[in-house]
Amino acid sequence: MDSFLGNTVMKLALKSDPEEHRVALFVLLLCACIVIGHLLEKSRWINESVTAIFIGLFTGTLILLTTKGRNSRILVFSEELFFIYVLPPIIFNAGFQVKKKQFFRNFLMIMLFGAVGTAISFFIISLGSLHIFKKLDIGFLDVGDYFALGAILSATDSVCTLQVLNQDETPLLYSLVFGEGVVNDATSVVLFKAIQRFDLSHITSSNAIQLLGNFSYLFFMSTLLGVIVGLSSAYIIKKLYFGRHSTDREVALMILMPYLSYMTAELCNLSGILTMFFCGIVMSHYTWHNVTESSRVTTKHTFATLSFVSEIFIFLYVGMDALDIEKWKIVGRRPWTSAGVSLILLGLVLAARAAFVFPLSFISNLTRKSQSDKIGFKQQVTIWWAGLMRGAVSVALAYNQFTRSGYTQLQENAIMITSTITIVLVTNVVFGLLTKPIVRYMLSLHDTPIDATIVAAADSPVKSLTDVLLSGGEDVEADVRESNIPRPTSLRMLLTTPTHSVHYYWRMFDDRYMRPVFGGRGFVPFIPGSPTEKYIH
Numbered sequence: 003m004d005s006f007l008g009n010t011v012m013k014l015a016l017k018s019d020p021e022e023h024r025v026a027l028f029v030l031l032l033c034a035c036i037v038i039g040h041l042l043e044k045s046r047w048i049n050e051s052v053t054a055i056f057i058g059l060f061t062g063t064l065i066l067l068t069t070k071g072r073n074s075r076i077l078v079f080s081e082e083l084f085f086i087y088v089l090p091p092i093i094f095n096a097g098f099q100v101k102k103k104q105f106f107r108n109f110l111m112i113m114l115f116g117a118v119g120t121a122i123s124f125f126i127i128s129l130g131s132l133h134i135f136k137k138l139d140i141g142f143l144d145v146g147d148y149f150a151l152g153a154i155l156s157a158t159d160s161v162c163t164l165q166v167l168n169q170d171e172t173p174l175l176y177s178l179v180f181g182e183g184v185v186n187d188a189t190s191v192v193l194f195k196a197i198q199r200f201d202l203s204h205i206t207s208s209n210a211i212q213l214l215g216n217f218s219y220l221f222f223m224s225t226l227l228g229v230i231v232g233l234s235s236a237y238i239i240k241k242l243y244f245g246r247h248s249t250d251r252e253v254a255l256m257i258l259m260p261y262l263s264y265m266t267a268e269l270c271n272l273s274g275i276l277t278m279f280f281c282g283i284v285m286s287h288y289t290w291h292n293v294t295e296s297s298r299v300t301t302k303h304t305f306a307t308l309s310f311v312s313e314i315f316i317f318l319y320v321g322m323d324a325l326d327i328e329k330w331k332i333v334g335r336r337p338w339t340s341a342g343v344s345l346i347l348l349g350l351v352l353a354a355r356a357a358f359v360f361p362l363s364f365i366s367n368l369t370r371k372s373q374s375d376k377i378g379f380k381q382q383v384t385i386w387w388a389g390l391m392r393g394a395v396s397v398a399l400a401y402n403q404f405t406r407s408g409y410t411q412l413q414e415n416a417i418m419i420t421s422t423i424t425i426v427l428v429t430n431v432v433f434g435l436l437t438k439p440i441v442r443y444m445l446s447l448h449d450t451p452i453d454a455t456i457v458a459a460a461d462s463p464v465k466s467l468t469d470v471l472l473s474g475g476e477d478v479e480a481d482v483r484e485s486n487i488p489r490p491t492s493l494r495m496l497l498t499t500p501t502h503s504v505h506y507y508w509r510m511f512d513d514r515y516m517r518p519v520f521g522g523r524g525f526v527p528f529i530p531g532s533p534t535e536k537y538i539h
């Protein structure tokens, strides 16, 4: 059996074999990741990303042995594959699944951590690596590459921590970790895009202003494009109402419109990731409520499934690519340099994370009067820990930056790719394995059996499992309560509670002008086969 498996892997891994064989084996490995991840779901230590990395490492080792060190990967990295097919589902689902009430209720803190914090992390990693590498005489990159490296390693992956946190037990912490994660990815990508447009070999005040202006332009225009496409999809589906004839058409349109926003942004040299993220937020607020009930469930599961498979794909590939013999042959000429680069970058990641989480938490606590709204020290440690892992965005950006000239030809690029993959492996495997026990110890959380949760939700007369799915994870009753948000009665109230004040005026504007045109919860006419009346209020 072992020899049969080895021969099969060797035949499928050889470059002379048809591409279909490689794809078939990779799909088999994806299935193995899902099955093994399910069996380990209740494990105290293992999560799905770690499982995919271990399977990738095991497969890469097996291929290395069976091909006698000639190859370790099934598929060769393709920038188009990553940025056109793999990343978009992950980003769109992040925007589509945003718990909007918690997100906008804690909007200022989320932006403080996600935008300001990411900028602080970016500068610390960029300037720190530039200074340390040159001081140790291992400075082999251009200035622009150092800044790109700062953007690459500022992109976090908080999924592992979110799997441990319970939204009902720690709503504020869950909202901050989730919100910071999605804003962090968007900010990192826009920074990366802005850096690639400039020649930073000679940094001047004029260049810095241009970089800031370009960042603002990319952020604003990418966001605007995502909002326009999202509103267009809502208007089209609301007016034409495909669901009365065919739910397939409205589901297809909901899948294709976000992809259209991504590709349009890329064609216009904007940030497709940021565009798709905000398109997801708008579509979850308007478009999703304009489709039939069956289409709601279908699209919700479809987006989540595509994102899930894409993330497993990336971690599986990273596990195999970590053993790429071609890169290690080049890195082997300067092994201590590669190890030193990895350790320095890992130290900078840890320091940069701490440099903004604790100070910004202190500043945020000064503005909050209620003790329950303040971020405790243990929660601050959890937020710091949640942002230590690096994931899909970091990997994709690293390949984009350091493979443009071909890493097999440039020793510097091979070292940076290897160092980035090493950090992804260390943070996900080592930190990922420790996440569950550390977070549960810090917050005194208790395991909730999944089966019991589902049964309780299904048996509840107030909110069934279908209600949870169709409400998009939002509390329908809370939405009714929040429709009666008190109006700011004075300038002092407006300034002391800016989030609630903005929320009040936004809801008033949304209900009066936006929802009557673009639809949404409570503004969809009841038609047989349309969303049921209990969601219309």
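In case it helps, the numbering used here puts the sequence shown at residues 3 to 539. Note that CB positions come from ideal geometry on N, CA and C, so glycine has one too.
In the DSSP assignment, Ser372 falls outside any alpha helix (DSSP H) and carries neither an H nor an E. The beta carbon of Phe279 lies closer than 8 Å to those of Ile93, Phe94, Ala96, Gly97, Val184, Asp187, Ala188 and Gly228 in the same chain, with the five residues before and after it left out.
Considering only Ile365, Val426, Val231 and Ile425, the residue with the shortest C-alpha distance to Val284 is Val231. Between the alpha carbons of Leu258 and His247 lies a gap of roughly 19 Å. Contact between the stretch 389-397 and the stretch 316-323 is present: 3 or more CB-CB pairs across the two stretches fall below 8 Å.
When the alpha-carbon of Gln104 is set against those of Glu182, Tyr148, Val29 and Ile154, the nearest one is in Glu182. For Leu390, no alpha helix (DSSP H) run applies, since DSSP gives it neither H nor E.
The C-beta distance from Leu220 to Ser296 rounds to 38 Å, too long to meet the 8 Å contact threshold. Beyond the five residues adjoining it in sequence on each side, Gly522 comes within less than 7 Å, by CB distance, of His287, Tyr288 and His291 in the same chain, given in chain order.
In this chain, Arg72 is not harboured by any alpha helix (DSSP H), its DSSP state being neither H nor E. A distance below 6 Å between beta-carbons, with the five flanking residues on each side excluded, links Thr422 to the following residues of its chain, in chain order: Ala400. Val359 counts as buried, since no fewer than 16 other beta carbons sit within 10 angstroms of its beta carbon.
Leu368 counts as exposed, since fewer than 16 other C-beta atoms from the protein chains shown sit within 10 angstroms of its C-beta.
Excluding residues up to 5 positions away in sequence, Glu182, Asn186, Phe358, Val359 and Leu362 lie with their Cβ nearer than 8 Å to the Cβ of Gly119 in the same chain. With contact defined as three or more Cβ pairs closer than 8 Å, the stretch 125-132 and the stretch 369-377 are not in contact. DSSP places Asn168 outside both helix and strand once states are collapsed to three, so it counts as coil. Pairing Ile38 with Leu214, the inter-Cα distance amounts to about 46 Å.
A distance below 8 Å between beta-carbons, with the five flanking residues on each side excluded, links Leu164 to the following residues of its chain, in chain order: Tyr176, Val179, Phe180, Gly183 and Ala388. Apart from sequence neighbours up to five positions away, the residues of its chain that approach Ile239 with a beta-carbon distance below 7 Å are Glu252, Leu255, Thr289, Asn292 and Val293, ordered along the chain. In the three-state reduction of the DSSP assignment, Ala400 falls in the helix class.
Counting only the Cα atoms, Tyr506 lies some 36 Å from Gln212.
In this structure Ser366 is not in contact with Met113, their Cβ atoms being roughly 11 Å apart against a cut-off of 8 Å.
If you draw a straight line from the Cα of Val311 to the Cα of Thr172, it is about 28 Å long.
Judged by DSSP in its simplified three-state form, Ile377 adopts coil rather than helix or strand. By the Cβ-count criterion, Ala354 is buried, with 16 or more other Cβ atoms from all chains shown falling within 10 Å of its own Cβ. Taking a C-beta distance under 8 Å as the contact criterion, Val161 and Ser309 do not qualify as a contact pair. Contact annotation: Leu352 and Val428 have beta-carbon atoms that are not nearer than 8 Å. Distances from the alpha-carbon of Ala267 to those of Phe222, Leu242 and Arg24 put Phe222 closest. The beta carbons of Leu345 and Ile126 sit no closer together than 8 Å. Taking the Cα of Leu66 as reference, the smallest distance to any Cα among Ile327, Arg442 and Asn168 is reached at Ile327.
DSSP places Thr120 inside the alpha helix (DSSP H), whose first and last residues are Thr120 to Lys137. Pairing Ile154 with Phe200 gives a Cβ-Cβ distance that is not under 8 Å. Residue burial is scored here from C-beta neighbours: Thr307 has fewer than 16 other C-beta atoms within 10 angstroms and is therefore classed as exposed. Ranked by how close their Cα comes to the Cα of Ala210, the residues Val88, Arg509 and Phe149 have Phe149 in first place.
The residues Phe404, in chain order, have a CB closer than 6 Å to that of Met418 in the same chain once the five nearest residues on each side in sequence are set aside.
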